[in-house]
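Numbering (the UniProt record's numbering), first residue to last: 1 to 561. Just so it is clear, CB atoms sit at the ideal spot from N, CA and C, and this is done for glycine as well.
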């Protein structure tokens, strides 16, 4: 326990997701409602079973995301440095725009300006990329609510790993919604494969970001992320990704997707973990052991030794107190009802999910049995219309035991609380059958069903993990000058200028001349004061190929820039 670190983590309760996409729309309007990222959804909601966004992203035999064990050591699936160097300029393992979708709008002007005629004018679809007429064939939620359709089942990589019997069972009909954001992993493969070192994980809160100054647009991070939650901005030539709304997190506020969630299914809180255990946990031989191995990395904030070690490692006292009240820690560690998404990628994800239980009650009620009775519920877990094998393929690398344990605890909670609501005496054997006490079940019920705003989001304000980076005033780092992304010369891009043959950088809108400040929103892991090593770099995607503009290559040692 030599290095105790803190991580902002999230849990989503899938039983409460209604698939309204409010989280997706508000995230889009906040972060990617601009040129170059028209196809990008930092937050998206998928219907499972289904192909996801981008299509088939879970097929790592094709996309080479995450880590694999090679001779007992972790190596990126995309290969070592030599292999990645050989594919630097032609990477065949990148999703195409068609794998995401061709973003489009409609020619609304035609409705107003069409000449007088017998036919009613229409607003034909047009591509948001080049403005050409578009044929709409796919979208970020194209298979929404079509979880039982045979055409979509065939494209689900998780479903391909289960038996034909389960596939036939699926076709009877069932579905559930799966909201996804960046996992902000403890062992992020996107950070490991970035050739320019632009991807980094913040020490103070574990949020994974892209340093827009250092990014050179190689897109190895897109391949390296197994969840395909790193995207390429084709205007700026930079990588972008979910930021966990870090300006809000620094001010103690929840993410936009959490704030606007209609179902109130998201929880945010602090997790303390032993950083020295992460590599060992990610390298366990059996994929089924990855979930318990990651649980073993988490530390109890109630342990005085852990609290002392955390503060000795630089974690503030108020963060330790927040970790003790963390709803995320309660759902993941205390109650063991939240599970990680695809732990077999070995990235140690930090966005976890409470698996859905809803269909079992309706299924039992349809047979004439009491769908809320504990005995009936426990007996029906193995016969869920959402097969355990499918849920295990999503959350526990195929091991059905943790999924069954979580579902049995959720079923026990329903039965226990039903007795209380009907004025009956709860049967203590129900709680004992799932390894819990009645008080723990009631605590879990309050968290999942009744928790208020400040119980669902326990987020301490920002602190600095390194010397010289502290915000003495507290609150959001964007409140004052010199914060993340507040670069000099916002009207033009880095390295751009007349006669250089180089376009503007940092996400400047070529057509409007808007400044770079809004798009350069990621904090740099390097100190800015007195460090100008990154200034003057150029955007290769804006270079016309003529001449050697200043900044195309780093200066030699001792040479003035």
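Buried or exposed: where does residue i fall if 16 or more other Cβ atoms within 10 Å of its Cβ makes it buried?
i, result
"residue 404", "buried"
"residue 555", "exposed"
"residue 65", "buried"
"residue 304", "exposed"
"residue 112", "exposed"
"residue 390", "buried"
"residue 530", "Because the pLDDT at residue 530 is just 47, under 50, the model does not fix this residue reliably, and the point stays unresolved."
"residue 120", "exposed"
"residue 89", "exposed"
"residue 422", "exposed"
"residue 280", "exposed"
"residue 576", "Nothing can be reported for residue 576, as the shown portion of the chain is limited to 1 through 561."
"residue 499", "Legend: pLDDT at residue 499 = 33, less than 50; position of this residue unreliable, value from coordinates given subsequently. Flag for residue 499 reads exposed."
"residue 467", "Note on residue 467: pLDDT 38, under 50, position unreliable in the model; no value is reported."
"residue 115", "exposed"
"residue 546", "exposed"
"residue 503", "The pLDDT assigned to residue 503 is 32, lower than 50, so where the model puts this residue is not dependable, and the model offers no usable value."
"residue 515", "Residue placement at residue 515 is flagged as unreliable, the pLDDT there being 34, under the threshold of 50; the coordinate-derived value follows with that caveat. Buried, by the Cβ-count rule."
"residue 249", "buried"
"residue 425", "exposed"
"residue 397", "buried"
"residue 109", "exposed"
Could you check which residue in the options has the C-alpha nearest to that of residue i?
i, options, result
"residue 36", "130, 347 and 271", "130"
"residue 340", "199, 443, 183 and 456", "183"
"residue 395", "326, 11, 206 and 213", "11"
"residue 318", "463, 15 and 161", "463"
"residue 399", "408, 293, 407 and 388", "388"
"residue 231", "96, 266 and 110", "96"
"residue 91", "191, 62 and 251", "62"
"residue 451", "264, 338, 28 and 38", "264"
"residue 328", "441, 352, 306 and 315", "352"
"residue 322", "73, 268, 216 and 155", "268"
"residue 44", "253, 421, 180 and 259", "180"
"residue 283", "40, 73 and 13", "73"
"residue 435", "145, 337 and 123", "337"
"residue 420", "439, 407 and 408", "439"
"residue 39", "257, 228 and 250", "228"
"residue 81", "333, 224 and 311", "224"
"residue 455", "386, 218 and 266", "266"
"residue 205", "246, 178 and 213", "246"
"residue 233", "429, 548, 31 and 312", "31"
"residue 104", "127, 122, 110 and 146", "127"
"residue 203", "410, 407, 3 and 457", "3"
"residue 176", "201, 145 and 25", "145"
"residue 5", "310, 342, 215 and 428", "310"
Considering only the beta carbon of each residue, do residue i and residue j sit closer than 8 Å?
i, j, result
"residue 187", "residue 350", "no"
"residue 125", "residue 106", "yes"
"residue 198", "residue 222", "no"
"residue 7", "residue 244", "no"
"residue 276", "residue 299", "no"
"residue 55", "residue 99", "yes"
"residue 67", "residue 291", "no"
"residue 261", "residue 23", "yes"
"residue 15", "residue 356", "yes"
"residue 301", "residue 324", "yes"
"residue 84", "residue 191", "no"
"residue 185", "residue 27", "no"
"residue 460", "residue 252", "yes"
"residue 101", "residue 76", "no"
"residue 218", "residue 196", "yes"
"residue 93", "residue 78", "yes"
"residue 295", "residue 354", "no"
"residue 386", "residue 174", "yes"
"residue 441", "residue 431", "yes"
"residue 393", "residue 161", "yes"
"residue 320", "residue 307", "yes"
"residue 60", "residue 226", "yes"
Give a yes or no on whether 8 Å exceeds the smallest Cβ distance from residue i to chain D.
i, result
"residue 42", "The structure shown contains no chain D; it is built from a single protein chain."
Hey, is residue i close to the ligand FMN, as in C-beta under 7 Å from one of its heavy atoms?
i, result
"residue 396", "The ligand FMN is absent from the structure shown, which contains no ligands of any kind."
Check: Which ranges does the beta strand (DSSP E) cover as unbroken runs of at least 3 residues, wholly within the region 284 to 313, from first to last along the chain?
Finding: none
Next item on the list: Starting from the N-terminal side, write out each stretch of the alpha helix (DSSP H) that is 4 residues or longer and does not extend beyond the UniProt domain "4Fe-4S ferredoxin-type" (173 to 204).
Entry: 189 to 193
Check: Should the region 205 to 214 be called in touch with the region 43 to 63, which here means at least 3 C-beta pairs below 8 Å?
Finding: no
Next item on the list: Mind the definition here: the region 404 to 414 touches the region 430 to 446 only if three or more C-beta pairs lie below 8 Å; say whether that holds.
Entry: yes
Checklist line | Those runs of the beta strand (DSSP E) which lie wholly inside the region 204 to 256 and span at least 3 residues | finding: 208 to 210, 230 to 233 and 238 to 241
Note to self: Give the list of continuous alpha helix (DSSP H) stretches no shorter than 4 residues that lie fully inside the region 400 to 464.
What the structure shows: 400 to 421, 428 to 433, 438 to 445 and 453 to 456
Note to self: Just to confirm the assignment: which complete beta strand (DSSP E) runs, minimum length 3, are found wholly within the region 39 to 123?
What the structure shows: 44 to 48, 67 to 70, 73 to 76 and 104 to 106
Next item on the list: Run through the UniProt domain "4Fe-4S ferredoxin-type" (8 to 37) for me and flag every whole alpha helix (DSSP H) of 4 or more residues, listed as ranges in chain order.
Entry: 22 to 31
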